[in-house]
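Numbering (my numbering), first residue to last: -3 to 82.
Every residue, glycine too, gets a C-beta built ideally from N, C-alpha and C.
Remember, predicted model here, so these are calculated numbers, not experimental data.
Beneath this line is the structure, given in structure tokens, with notes to follow.
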């Protein structure tokens, strides 16, 4: 194998990676648009997350990125007797 052949191989691999990254970006954009549409249509967050194969927090992130703000789940109150003061 000559050095020139190696450079050509690297360039070809880089082009393939670039194409795959572009295709993945387009697929994520399409998925995100469908997540927004499904949520706006009234589908529950849990169902949208399962269909998108994301966690609920992942779907929340997509919705937040598209300007749809969803309040977080409220935290449970702290219990007495636990923490640094014990």
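{"Check": "Would you check if the distance between the CB atom of residue 61 and the CB atom of residue 55 is smaller than 8 angstroms?", "Outcome": "no"}
{"Check": "How many angstroms separate the CA atom of residue 32 from the CA atom of residue 25?", "Outcome": "11 angstroms"}
{"Check": "Excluding the 5 residues flanking residue 51 on each side, which residues of the same chain have their C-beta closer than 7 angstroms to its C-beta?", "Outcome": "45"}
{"Check": "Could you check which residue in 75, 76, 57, 74 has the C-alpha nearest to that of residue 68?", "Outcome": "57"}
{"Check": "DSSP three-state label for residue 83, please.", "Outcome": "This structure cannot settle anything about residue 83, because the visible part of the chain is limited to -3 through 82."}
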